[in-house]
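In my numbering, the protein residues as written are 254 to 347.
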């Protein structure tokens, strides 16, 4: 190994309490691929029915997130967003 150019492996990333409401697609992709333990708790997540819903499904086993909005989901975990968005889609198709 080259001692003048050290390489570090990130094992833990604390992003808790940072007022994050959403993540961009690149961040979600990184979270899906990394082995780094990432703490995203205590952020006011906007649990909308966005296109990232599919990607978030893949993160459920890695992250525990609680919704701050919309009002119907305040305090709920991301686990309920799939059911919520399915109901909205059904109502729109009626």
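Built from N, CA and C at the ideal position, the CB exists for glycine as well.
Inset, instruction - Taking 8 Å as the threshold, find out whether the stretch 285 to 301 comes into contact with the stretch 310 to 320 through three or more Cβ pairs. - result: The stretch 285 to 301, when compared against the stretch 310 to 320, does touch it at the 8 Å Cβ threshold.
Legend entry - Where the alpha helix (DSSP H) through residue 280 begins and ends: 278 to 286 is the extent of the alpha helix (DSSP H) around residue 280.
Legend entry - Rounded straight-line distance, which links the Cα of residue 261 to that of residue 302: 36 Å
Inset, instruction - Identify which residue in 337, 316, 313 has its Cα closest to the Cα of residue 324. - result: 337
Inset, instruction - Pick out the complete beta strand (DSSP E) segments inside the stretch 294 to 339, 3 residues or longer, and give them in chain order. - result: 320 to 322
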